[in-house]
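Working notes, structure below.
Residue numbers (the numbering used here), protein chains in the order written: chain G, 1 to 310; chain F, 311 to 573.
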């Protein structure tokens, strides 16, 4: 059981494969995303995340496999599905000669939103873009363009949104508001979100579940907390008062990964062995002034897997 | 395949919003046609003084006006697509319910609007500057104009197909492909003065029949029905081939991942 919000599958991907010539970008992956879930799609560069996302919005033709969204086959029901989903990416822009209002209004019409003028005004307000609405897109800051992309992504009140690094280039305050908005939407309207990001803290904060890809395959699928726990080592940092050399020697004898800088000793250790370690440090006559314990994060897991790949 | 008029309209409105702030588009619609008309118009005035007769001037100016149907319809199809690529807005559009067919129809409609504005402007200028009015030849030139539009669209489909397959490397064709066809089209001179090998090539180019027919209308006041039907027949074949090539290229760009690279 991954999430309390799990209700019914919105996205069902079965043995999805994409080959570009001899290169297999996505290698027979299968996964599901349930209604109201926020799922993170993670992996190092070249893992196949963007190719997967592109296949889900019909921009890339899969080599084999099936994609079912809302229970419908994407290949056979493209229009019906795309009407109810939306997409935003940090890598797309918008017509620089259009004003902010015009751009959103055009997409309100493309998605056949009822009362497109009202909806455009409403959404610009939600994303704090009302003051910019007459401004040409070419004159917007990178942060405002990212907000504009998000605004477009929610114009049709989508049931399912795919986001490719939506908060990159946003300042922390705006990124935080965007995360709040995403979480609020999933609660209010049960909007389902599939998100890729290189911001691990963001993924940990917003995602119910994470799918980790490497070399075109899914190598892990779990909650962010559980994935982080797979990195067993916790970092214990001691500011030594006395016995630094003895502590380092003790760690090396017990085959612990240890590093030292000036008066600090940092040890990577299993969480359950911390108490024993601190006891032993006292036994060998070493003393410390301060201690900090860093539990493993999703970022540690990501770095570990990315290095394994290298 | 269903066509949704709201989505087609949305793409048209998007380009209308853009046009009013686009000096290049205004240049395309007014400046280049004006420049061409003015330059070649003065040449014909000079030749008239040299004793070539007023019909020569009419044929020349008629050729300029009619060629615009090919040039602008072809160019606009390419430019509407390229504009989305340059603006990195193509993925936003293609990930929406908008289909490639709806997008193409919108491009064609935008082209028709642009041609209408340009032609009306040129008709006014040609009359004002050179007292030339193509309207005197009446409804007889209308089927020729329609056939020229078809030629332009056939070329437009090929150009967009090439861009989808090979990316920005071939975008120059959006401005130049029709110029490759122009010498074989006998726009300003009779087909008979072309070298023999060019006449052979011209036989399979529909625009050559159209401009020969246009001259017949202007000189004799009659329609060469055989030439006109040949032009429509060839245009039908080229348009079908152009659409097929474009559809194949679109599928291939989705398969190769090229579409995503356009951003």
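We put the CB at the ideal spot given by N, CA and C, even for glycine.
Between the alpha carbons of residue 127 (chain G) and residue 107 (chain G) lies a distance of about 16 Å. Taking each of F:528, F:532, F:550 and F:319 in turn and checking the Cα distance to residue 415 (chain F), the smallest one comes out for F:319. In this structure, F:464 is the residue among F:517, F:464 and F:496 with its C-alpha nearest to the C-alpha of residue 555 (chain F). Less than 8 Å separates the beta-carbon of residue 265 (chain G) from that of residue 240 (chain G). For residue 16 (chain G), the nearest beta carbon of chain F is not closer than 8 Å to its own beta carbon.
Within chain F, 324, 327 and 328 have C-beta atoms less than 8 Å from the C-beta of residue 98 (chain G), given in sequence order. Identification of residues in the region 399–410 of chain F having a C-beta nearer than 9 Å to some C-beta of chain G yields 399, 400, 401, 402, 403, 404, 405, 406, 407, 408 and 409, given in sequence order. The Cβ of residue 226 (chain G) sits no closer than 8 Å to any Cβ of chain F. Cβ neighbours of residue 549 (chain F) within its own chain (closer than 7 Å, five residues either side excluded): 460, 463 and 464. Contact of residue 166 (chain G) with chain F is not assigned, every C-beta pair being separated by 8 Å or more. The DSSP-derived three-state label of residue 353 (chain F) is helix. Positions of the alpha helix (DSSP H) runs, each at least 4 residues long and wholly inside the region 216–289 of chain G, are given as 224–230, 244–253 and 274–283 in order along the chain. Residue 420 (chain F) counts as buried, since at least 16 other C-beta atoms from the protein chains shown sit within 10 angstroms of its C-beta. A check of alpha carbon separations from residue 226 (chain G) across G:77, G:71, G:301 and G:14 identifies G:301 as the nearest. According to DSSP, residue 72 (chain G) shares a beta bridge with G:69.
Setting aside the 5 residues that flank it on each side, residue 31 (chain G) is surrounded in the same chain by 13, 211, 218 and 221, each with a C-beta closer than 7 Å to its C-beta; the list follows chain order. Residues of chain F with a Cβ closer than 8 Å to the Cβ of residue 93 (chain G) are, in chain order, 397, 398, 399 and 573. Taking the Cα of residue 18 (chain G) as reference, the smallest distance to any Cα among G:116, G:303, G:216 and G:33 is reached at G:216.
From the listed residues G:100, G:194, G:233 and G:112, the smallest Cα separation to residue 293 (chain G) is found for G:233. Not a single CB atom of chain F sits nearer than 8 Å to the CB of residue 273 (chain G).
When beta bridges are read from the DSSP output, residue 399 (chain F) appears opposite no residue.
A straight line joining the alpha-carbon of residue 494 (chain F) with that of residue 485 (chain F) spans about 17 Å.
The residues 11, 13, 67, 69, 74, 162 and 194, in chain order, have a CB closer than 8 Å to that of residue 56 (chain G) in the same chain once the five nearest residues on each side in sequence are set aside.
Across the region 14–46 of chain G, CB contacts with chain F closer than 9 Å involve 18, 20, 21 and 25, in sequence order along the chain. Take the alpha-carbon of residue 509 (chain F) and the one of residue 442 (chain F): they are about 30 Å apart. Contact between the region 393–412 of chain F and the region 105–122 of chain G is present: 3 or more CB-CB pairs across the two stretches fall below 8 Å.
At least 8 Å separates the beta-carbon of residue 367 (chain F) from that of residue 349 (chain F). About 18 Å separates the Cβ atoms of residue 380 (chain F) and residue 430 (chain F), ruling out a contact at the 8 Å cut-off.
Counting only Cβ-Cβ distances below 7 Å, residue 320 (chain F) has contacts in chain G at 106, 109 and 110, in chain order.
Selection G:115, G:119, G:147 and G:100 evaluated against residue 138 (chain G) yields G:100 as nearest (Cα-Cα). Nearest C-alpha to residue 192 (chain G) among G:33, G:167, G:275 and G:28: G:33. Here residue 185 (chain G) is buried: its Cβ has 16 or more other Cβ atoms, across all protein chains shown, within 10 Å.
Interface annotation, residue 217 (chain G): not in contact with chain F, CB-CB separation never under 8 Å.
Boundaries of the alpha helix (DSSP H) around residue 414 (chain F): 410–440. The Cβ of residue 569 (chain F) sits closer than 8 Å to at least one Cβ of chain G.
Taken in chain order, the whole alpha helix (DSSP H) runs of length 4 or more contained in the region 503–563 of chain F are 506–512 and 516–530.
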